[in-house]
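Protein chains in written order, with the working numbering: chain A, 425 to 764; chain B, 425 to 764. Ideal Cβ placement from N, Cα and C applies to all residues, glycine included. Read the structure below first, then the notes.
There are 2 protein chains.
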Amino acid sequence: MTVIAVDANGADLGPAEVAAGARLAAAQGVEVLLFGPAAQLGAPGRGVEIVDAPRSIAKDENPASAVRGAPDASIVQAARAVSEGRAAALVCNGSTGAALVAAQLHIRRAPGIYRPALAITVPVPGRPVTLLDVGANPDVRVEYLVQFAFMGAAYASAVLGIARPRVGLLSNGSEPERGSQLVIEAHEALLERTADSDALTFVGNVEGDGLTQGVVDVAVTDGFTGNVTLKVIEAVSQTMLLTIRDIAQASTRGKLGGLLLSGGLQPFVEEIDPEGQGGAYLLGLRQLGVVAHGSFTRHGIARAILRARLGVEEDVVGRTHRALDAAGALRPRAGVPAAS
Amino acid sequence: MTVIAVDANGADLGPAEVAAGARLAAAQGVEVLLFGPAAQLGAPGRGVEIVDAPRSIAKDENPASAVRGAPDASIVQAARAVSEGRAAALVCNGSTGAALVAAQLHIRRAPGIYRPALAITVPVPGRPVTLLDVGANPDVRVEYLVQFAFMGAAYASAVLGIARPRVGLLSNGSEPERGSQLVIEAHEALLERTADSDALTFVGNVEGDGLTQGVVDVAVTDGFTGNVTLKVIEAVSQTMLLTIRDIAQASTRGKLGGLLLSGGLQPFVEEIDPEGQGGAYLLGLRQLGVVAHGSFTRHGIARAILRARLGVEEDVVGRTHRALDAAGALRPRAGVPAAS
């Protein structure tokens, strides 16, 4: 049975909520190795093993020095459990920075990968798009973006079940010659590297409004633009819902209208709830990582754990490697000539 | 009376709609010099002078060669009218690329400005934010971003009436050390250049979700990220409205609910309509340019013309220059030492 290492520290609702999420996931047949303050985690429950690891790395600590200075921290122990083969993937709920550092240090980059990336499936109504990188690499190079395309496509096909995903390059215009200098060069490199790939279809540039139009399954960008884009999408959709709710509350007429609409709206509100997607996938490592959102309840946390299992069972890591290898887009090893 | 040069070509609804917008604006006391196919523009009307200029530059032409190769094109003639003092500002409705090239070629950069930028006031419910650059400069340098801060602040104070606007630097984290290398350096430069300025308050980094939270009046970024951000905001808000409308149409109960809510929703729908803001301001030139959205009706076009007049009368260009000069952020002239 697949074992997932889960860090119980750092969630907004506290370690007990993470433990509750772990028990929910275990009830679906996954085994959880749960790292956190045992005193707060309750009874482990069937399928959950607790490792007492009270030390938490706070969001305001410097991730690099905190991870290096606290080998007993729960996130570090959880990452080590994955690197040592005691678990197949890592799920965490705290500081994304600490998770990134711990994962890179212990799980390490997969062979031939330049940089790991954070991928998230964006809650656009009816037309989810997987966006990467959403924050691991504020500065990128052309070859990173090429790899992100294959990493995102492997995730979309393995976890979301999309055969041969359509991948777009986020830009400020649809024509190949539009974009920053880096994006223009990445467009060219992607055309070349993906021409013979059966892992994905490169559809060219996609603009900001293309993200809501169902024209791509995966959108590739640097971690700076991706992070801004993700936060804008979440913020605008939540702000709109709250505004409409306020308008409905402002009058008797509005209240009645809101009440009549609310049944129909509910599935939509759930669809765009970030909790539904189970968090961000950390791609490009030797094994998978999932970073759940700090605000998640037990349901989002269970979802993150189950998504991690799906990623393991559907072999996101292996699919990524094979597709990159076939495309000649793996990082050349020192002394080994690059594939032509 | 202030004269505004308007290009009637390129609007989705055709030159006649632009002419109708010009007449609406003229009724508010502005004079319009209207360049376009006279045969399609109808009677000029009081305050509108028509210059027959049927040649239109299409969106799919290369802007640089089209503008240079067609001195009789309406956008080129309109830009020349501004540079020759026959009009005080330029309003156009067609290709943004052609407008940018024509404006840079004929109106030219203001002294000490590195690069002009496109600024747009983003329709966030209740908390509008002016975002720049939204597409003129996909690649920027630190000193461009510093100037954008002052350009955006001058616009926000002159046209939107915001005293000492709060300016943020768009980034993937709120801490000064978060961002791409360029943004981290721009943060430092902005802190230094704005410390003694009474033109604006630099509030540090703002994240994507900060754009909807009313924490800044102006958000500064490169033209790549700004363009993606703007299109995402517009697309997500319009997609949400359409989805809610569809849900309301799907059942009798929903229809009644939608009907009861619609009165309350109407001001909100108008608030987030891009037409309400009159388009994008082209800042950093010797005189103002406004690029209306191609989809605008006569009302949005009239709004763009009236906003251009306000920008002229409130001296956006002069305010920008004085604030940059006081901050020592003007581009040094060859042979002249930079202000310390």
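- Within the region 451-519 of chain B, the beta strand (DSSP E) runs of at least 3 residues that lie entirely inside it are, in chain order, 455-460, 472-476, 513-516.
- Residues are counted here when their Cβ sits less than 8 Å from a Cβ of chain B; for the region 457-473 of chain A the count is zero.
- Burial of B:Arg-590 is indicated by the presence of at least 16 other C-beta atoms within 10 angstroms of its C-beta.
- With its beta carbon less than 8 Å from one in chain A, B:Ser-604 belongs to the interface.
- Inclusion of A:Gln-501 and A:Phe-459 in the CB contact set at 8 Å is warranted, their separation being smaller than that value.
- Looking at the DSSP output, B:Gly-628 shares a beta bridge with B:Gly-592.
- Neighbours of A:Ser-675 in chain B, taken as residues whose beta carbon is under 7 Å from its own, are Gly-688 in chain order.
- Around the beta-carbon of A:Gln-701, 16 or more other beta-carbon atoms lie within 10 Å, marking it buried.
- For A:Thr-676, the three-state secondary structure derived from DSSP is helix.
- Within the region 735-751 of chain A, no residue has its Cβ closer than 9 Å to any Cβ of chain B.
- Separation of B:Leu-584 and A:Val-656 (C-alpha to C-alpha, rounded to the nearest whole angstrom) is 23 Å.
- The residue from B:Gly-682, B:Glu-658, B:His-723, B:Arg-677 with its alpha-carbon nearest to that of B:Ile-668 is B:Gly-682.
- For A:Ala-543, DSSP records a beta bridge to A:Leu-556, A:Tyr-705.
- By the Cβ criterion, the region 737-752 of chain A is not in contact with the region 426-441 of chain B, since fewer than three pairs of Cβ atoms, one from each stretch, lie closer than 8 Å.
- For chain B, the residues of the region 618-647 of chain A that bring a beta carbon within less than 9 Å of one of its beta carbons are Glu-631, Gly-632, Asp-633, Gly-634, Leu-635, Thr-636, Gln-637, Thr-645, Asp-646, Gly-647, in chain order.
- Around B:Phe-572, no beta-carbon contact reaches into chain A at under 8 Å, the shortest distance being about 16 Å.
- Between A:Val-736 and A:Val-515 the beta-carbon gap is near 11 Å, outside 8 Å, which marks them as no contact.
- Of the residues B:Leu-685, B:Ile-537, B:His-723, the one whose Cα lies closest to the Cα of B:Leu-448 is B:His-723.
- Against chain A, the CB of B:Asp-563 has a partner CB under 8 Å away; the residue lies at that interface.
- In the displayed model, B:Asp-749 falls within a helix according to three-state DSSP.
- When beta bridges are read from the DSSP output, A:Val-714 appears opposite A:Val-515, A:Tyr-705.
- At a cut-off of 8 Å between beta-carbon atoms, A:Val-660 makes contact with chain B.
- Taking the Cα positions, A:Ala-463 is about 55 Å away from A:Glu-612.
- Closest in alpha carbon position to B:Arg-755, among B:Phe-692, B:Val-548, B:Arg-588, B:Tyr-568, is B:Tyr-568.
- Using a Cβ-Cβ cut-off of 8 Å, B:Gly-536 does not count as an interface residue toward chain A, since no Cβ of chain A sits closer than that to its own.
- Against chain A, a Cβ distance below 7 Å from B:Gly-700 picks out nothing, because the smallest value is about 15 Å.
- A:Arg-743 carries a helical assignment under DSSP once its states are collapsed to helix, strand and coil.
- With a cutoff of 8 Å on beta-carbon distance, A:Pro-540 and A:Leu-707 are scored as near each other.
- Segment contact: the region 464-484 of chain A against the region 441-455 of chain A, three or more CB-CB distances shorter than 8 Å; contact assigned.
- Contact with chain A is found for B:Phe-692, since one of that chain's Cβ atoms lies less than 8 Å from the residue's Cβ.
- Taking each of A:Ala-726, A:Leu-665, A:Thr-676 in turn and checking the Cα distance to A:Asp-697, the smallest one comes out for A:Leu-665.
- When the alpha-carbon of A:Ala-577 is set against those of A:Val-472, A:Ala-488, A:Ile-544, the nearest one is in A:Ile-544.
- For A:Ile-657, the nearest beta carbon of chain B is closer than 8 Å to its own beta carbon.
- Minimum Cα-Cα distance from B:Ala-477 among the listed residues B:Val-607, B:Asp-496, B:Glu-631, B:His-530 corresponds to B:Asp-496.
- Here B:Leu-712 has Ala-512, Ala-513, Leu-514, Tyr-705, Leu-706, Ala-732, Gly-735, Val-736, Val-740, Val-741 as same chain residues with Cβ atoms under 8 Å from its own Cβ, once five neighbours each way along the sequence are excluded.
- For A:Ile-474, the closest alpha carbon among the candidates A:Leu-684, A:Ala-523, A:Gln-690, A:Ala-450 is that of A:Ala-450.
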